[in-house]
Amino acid sequence: MIAAAADSFEVEKAKLCRKIAELQAALNAKDQKLRELQTRADNYGAEDEVQFAPRDKHEALSNDDIARYSRQLILTDFGVSGQLKLKNSAVLIVGMGGLGCPAAQYLASAGCGNLGLVDYDQVERSNLHRQTLHTVSRCGMSKAESARIALLELNPHCRIICHSHLLNSFNAMHIIRAYDVVLDCSDNVATRYLLNDACSMLQRPLVSGSALKLDGQLTVYCYGEHGPCYRCIYPVPPPPEAVTNCGDGGVLGAVTGTIGAMQALEAIKVIVGFGDVLAGRMLIFDGNSCQFRNIKIRGKRPNCHLCSAQPLITGLIDYELFCGMNANDKDNALQLLGPEQRIKVLDYHNLVAQTVPHLLLDVRAPAEFEICQLPDATNVPLAQILDDSYIQRFAEQLKNKQYPIFVVCRRGNDSQIAVQHMKARFPDHSIRDLEDGLHGWTKLVDQNFPIY
Amino acid sequence: MMSNQNKPDLKIILEFSAGAELLFGNIKRREISLDGTQKWTIANLLKWMHVNILTERPELFIQGDTVRPGILVLINDTDWELLGELEYELQPNDNVLFISTLHGG
Numbered sequence: 000m001i002a003a004a005a006d007s008f009e010v011e012k013a014k015l016c017r018k019i020a021e022l023q024a025a026l027n028a029k030d031q032k033l034r035e036l037q038t039r040a041d042n043y044g045a046e047d048e049v050q051f052a053p054r055d056k057h058e059a060l061s062n063d064d065i066a067r068y069s070r071q072l073i074l075t076d077f078g079v080s081g082q083l084k085l086k087n088s089a090v091l092i093v094g095m096g097g098l099g100c101p102a103a104q105y106l107a108s109a110g111c112g113n114l115g116l117v118d119y120d121q122v123e124r125s126n127l128h129r130q131t132l133h134t135v136s137r138c139g140m141s142k143a144e145s146a147r148i149a150l151l152e153l154n155p156h157c158r159i160i161c162h163s164h165l166l167n168s169f170n171a172m173h174i175i176r177a178y179d180v181v182l183d184c185s186d187n188v189a190t191r192y193l194l195n196d197a198c199s200m201l202q203r204p205l206v207s208g209s210a211l212k213l214d215g216q217l218t219v220y221c222y223g224e225h226g227p228c229y230r231c232i233y234p235v236p237p238p239p240e241a242v243t244n245c246g247d248g249g250v251l252g253a254v255t256g257t258i259g260a261m262q263a264l265e266a267i268k269v270i271v272g273f274g275d276v277l278a279g280r281m282l283i284f285d286g287n288s289c290q291f292r293n294i295k296i297r298g299k300r301p302n303c304h305l306c307s308a309q310p311l312i313t314g315l316i317d318y319e320l321f322c323g324m325n326a327n328d329k330d331n332a333l334q335l336l337g338p339e340q341r342i343k344v345l346d347y348h349n350l351v352a353q354t355v356p357h358l359l360l361d362v363r364a365p366a367e368f369e370i371c372q373l374p375d376a377t378n379v380p381l382a383q384i385l386d387d388s389y390i391q392r393f394a395e396q397l398k399n400k401q402y403p404i405f406v407v408c409r410r411g412n413d414s415q416i417a418v419q420h421m422k423a424r425f426p427d428h429s430i431r432d433l434e435d436g437l438h439g440w441t442k443l444v445d446q447n448f449p450i451y
Numbered sequence: 000m001m002s003n004q005n006k007p008d009l010k011i012i013l014e015f016s017a018g019a020e021l022l023f024g025n026i027k028r029r030e031i032s033l034d035g036t037q038k039w040t041i042a043n044l045l046k047w048m049h050v051n052i053l054t055e056r057p058e059l060f061i062q063g064d065t066v067r068p069g070i071l072v073l074i075n076d077t078d079w080e081l082l083g084e085l086e087y088e089l090q091p092n093d094n095v096l097f098i099s100t101l102h103g104g
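For the record, the sequence lines run as chains G and L.
Residue numbering for the first sequence follows numbering that gives the first Met the number 0, starting at 0 and increasing by one per position.
Residue numbering for the second sequence follows numbering that gives the first Met the number 0, starting at 0 and increasing by one per position.
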């Protein structure tokens with residue numbers, strides 16, 4: 000009896016904690032909205048004034064500077080002149096995520112005088128494993144604002160300007176002009192082309208990092224006379240289906256941390272002017288085997304549409320159109336199937352309640368299936384659908400055309416691909432996918448079903 | 000595989016990184032032997048790879064007769080564009096590395 004009571008206390012406690020966290024996030028989001036509205040009403044356009052206010056030009060280090068930066072001041076390559084250059088510099092970090100957080104952390108603590116932080120997004124719990132400046136209590140707050148709070152605690156001497164909106168073709172030149180160096184810590188192809196084009200036109204070095212799963216890549220574009228731009232290396236954007244984001248592919252925080260920290264290092268080298276900057280070379284990091292590989296990439300492309308002597312692109316363009324992808328890493332809902340080939344999660348729930356015999360195929364990867372699954376589900380990764388090996392495995396169920404087969408995945412995209420493939424083979428069978436997948440299930444059927 | 004007795008096989012190393020390996024049976028490094036009696040350019044090598052080791056979604060690797068945009072090709076750690084791209088003639092023990100570009104952060 001006592002044990003049961005203790006158990007129920009634990010459950011109640013967990014519920015309350017979760018509720019409080021949710022309310023906190025909602026409160027932060029509303030606070031953020033209010034702050035934004037207030038700023039806009041009080042001094043419309045003030046951000047730009049702040050941004051373009053002449054930077055203080057420091058001629059000497061204070062005693063506080065000397066004590067704070069002593070360990071790097073004694074480096075021969077860095078020294079007092081390096082510290083002063085850093086103090087007088089302005090760095091723009093685009094994306095306050097897995098790369099931007101460590102990059103900003105090292106730049107602020109090293110004494111970079113002016114940091115601009117760009118991010119339109121808000122802090123979510125699923126960010127915290129790699130976006131190390133944000134905290135549980137700041138969920139719902141703008142990422143730029145949240146990072147600013149953390150950075151000022153590290154180094155109150157750093158001037159930090161938040162740009163809590165999406166960087167686009169209309170504001171990019173205006174914002175970037177005020178900075179000496181730009182860090183590409185973004186998470187999508189369209190923003191990468193946008194940053195490249197703006198940086199090339201304004202002649203700002205672009206320290207570009209990226210990461211996915213256990214891999215990372217790093218290089219510096221638009222640097223020096225012969226340094227290539229992003230378009231020299233990638234004149235044509237990749238097909239959208241070849242692009243995986245961190246939400247779908249996964250990523251380890253220590254990997255984004257590794258690359259982000261090195262972005263800070265390259266930025267410091269560019270500003271201070273020592274060492275060999277990673278331009279015309281690319282660093283490839285394989286976290287699985289812990290191998291770094293430094294490869295030689297081409298220099299400027301003589302016929303580059305952007306940075307050659309005869310450019311075809313002389314102003315910013317529509318990058319979402321150019322890439323055929325949105326300027327964020329959120330997922331777009333696919334529309335492959337007609338309504339008759341799909342079932343709403345609530346209708347499926349009713350079928351289960353009536354104990355209608357059926358087959359439920361969960362086409363996610365085994366690692367995802369392990370996180371959570373519906374009681375009746377059988378794990379058949381999408382690859383086994385697409386290579387038709389599922390046919391043999393479910394030969395019995397496939398004999399009867401009327402036997403209902405349902406397909407589920409995380410959000411209802413892969414399940415459509417699976418149904419489309421299966422329907423091509425078995426056009427008259429009853430094969431449908433669960434609309435909105437497991438996310439829909441949590442939303443409409445069972446709020447206690449975990450979301451990832 | 001033994002071929003012509005006068006000319007041994009052309010042995011090279013293929014490597015895949017940052018997800019490109021997923022299209023090739025998830026194997027990151029392969030030592031392969033090509034028929035040493037003929038000349039092997041990268042163009043021929045891509046055809047050979049398509050036929051022999053490309054297991055998943057070929058359109059995510061090959062477009063027309065070259066690699067799709069967003070895949071870097073390195074020969075002995077140097078961008079193939081500096082070495083003649085498709086026309087580069089493979090030498091014994093060459094290392095050819097295919098890297099998918101990452102965009103996440």
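The beta carbon of each residue, even a glycine, is placed where N, CA and C say it ideally should be.
Computed from a predicted model, the values in this text were never measured in an experiment.
Fill in: Any 3 or more C-beta pairs closer than 8 Å across the stretch 182-197 of chain G and the stretch 322-330 of chain G
The stretch 182-197 of chain G vs the stretch 322-330 of chain G: in contact.
query = According to DSSP, is MET140 (chain G) helix, strand or coil?
reply = Reduced to three states, the DSSP call for MET140 (chain G) is coil.
Can you list the residues of chain L that VAL238 (chain G) reaches, using a CB-CB cut of under 7 Å? Reading the sequence as shown, one finds Pro at residue 238 (chain G) and not Val. Near PRO238 (chain G) (Cβ distances below 7 Å), the residues of chain L are ARG67.
Q. Can the beta-carbon of GLU152 (chain G) be found closer than 8 Å to that of CYS138 (chain G)?
A. Here GLU152 (chain G) is not near CYS138 (chain G), since their CB atoms are 8 Å or more apart.
### Query
With 8 Å set as the bound, which would you pick, yes or no: does the beta-carbon of LEU98 (chain G) sit closer than that to a beta-carbon of chain L?
So, interface residue.
Within chain L, partners of TYR233 (chain G) - CB distance below 7 Å: Within chain L, the residues near TYR233 (chain G) are PRO68, GLY69 and THR100.
- Go to PHE425 (chain G), then tell me how far its beta strand (DSSP E) extends in each direction, as first and last residue. Counting along the chain, PHE425 (chain G) falls outside any beta strand (DSSP E), and DSSP gives it neither H nor E.
Alpha-carbon spacing of CYS221 (chain G) relative to PRO204 (chain G), whole angstroms: Linking CYS221 (chain G) to PRO204 (chain G) through their CA atoms gives a straight-line distance of about 5 Å.
Subject >> Reference ASP387 (chain G); option with closest CA among G:CYS371, G:GLN401, G:LYS422 and G:LEU359 >> reply: The shortest C-alpha separation from ASP387 (chain G) is found at G:LYS422.
- Task: May I have the straight-line CA-CA distance separating PRO380 (chain G) from ALA366 (chain G), to the nearest angstrom?
- Result: PRO380 (chain G) and ALA366 (chain G) have their alpha carbons spaced roughly 10 Å apart.
Hey, could you find the ends of the beta strand (DSSP E) VAL95 (chain L) is sitting in?
For VAL95 (chain L), the uninterrupted beta strand (DSSP E) segment begins and ends at 94-99.
Quiz item: Looking only at DSSP bridge pairs, what is VAL93 (chain G) linked to?
Solution: When DSSP reads this structure, VAL93 (chain G) sits in a beta bridge with G:VAL117 and G:ASP183.
Would you report the Cα separation of GLN290 (chain G) and MET281 (chain G), rounded to the nearest angstrom?
Spanning the alpha carbons of GLN290 (chain G) and MET281 (chain G) requires a straight line of approximately 13 Å.
Exercise. Using DSSP with H/G/I as helix, E/B as strand and the rest coil, what is HIS49 (chain L)?
Worked result: DSSP places HIS49 (chain L) in helix when its eight states are reduced to three.
* Excluding five sequence neighbours on each side, which residues of the same chain lie with their C-beta closer than 6 Å to the C-beta of GLY439 (chain G)? -> Setting aside the 5 residues that flank it on each side, GLY439 (chain G) is surrounded in the same chain by VAL344, each with a C-beta closer than 6 Å to its C-beta; the list follows chain order.
Of the listed residues L:LEU33, L:LYS46, L:LEU21 and L:GLN37, nearest to ARG56 (chain L) (C-alpha basis):
For ARG56 (chain L), the closest of L:LEU33, L:LYS46, L:LEU21 and L:GLN37 by C-alpha to C-alpha distance is L:LEU21.
Legend entry - Cβ neighbour criterion (16 or more within 10 Å) applied to PRO338 (chain G): PRO338 (chain G) is exposed by the Cβ-count criterion.
Would LEU437 (chain G) pass as an interface residue toward chain L - the criterion being a Cβ-Cβ separation below 8 Å? Cβ-Cβ to chain L under 8 Å: no for LEU437 (chain G).
* Counting along the chain, where does the alpha helix (DSSP H) carrying GLY99 (chain G) start and finish? -> For GLY99 (chain G), the enclosing alpha helix (DSSP H) has its first and last residue at 99-109.
*Take the Cβ of ARG392 (chain G) as the centre, count every other Cβ of all protein chains shown within 10 Å, and call the residue buried at 16 or more, exposed below.*
Exposure of ARG392 (chain G) is indicated by the presence of fewer than 16 other C-beta atoms within 10 angstroms of its C-beta.
- request: Classify LYS142 (chain G) as buried or exposed, calling it buried when 16 or more other Cβ atoms lie within 10 Å of its own Cβ.
  value: So LYS142 (chain G) ends up on the buried side.
Handout entry: Exposed unless 16 or more other CB atoms sit within 10 angstroms - verdict on HIS225 (chain G)
Key = It is exposed - the Cβ of HIS225 (chain G) has fewer than 16 other Cβ atoms within 10 Å.
Excluding the 5 residues flanking HIS162 (chain G) on each side, which residues of the same chain have their C-beta closer than 7 Å to its C-beta?
Excluding sequence neighbours, HIS162 (chain G) sits near GLY115, LEU116, VAL117, ALA143 and ILE174.
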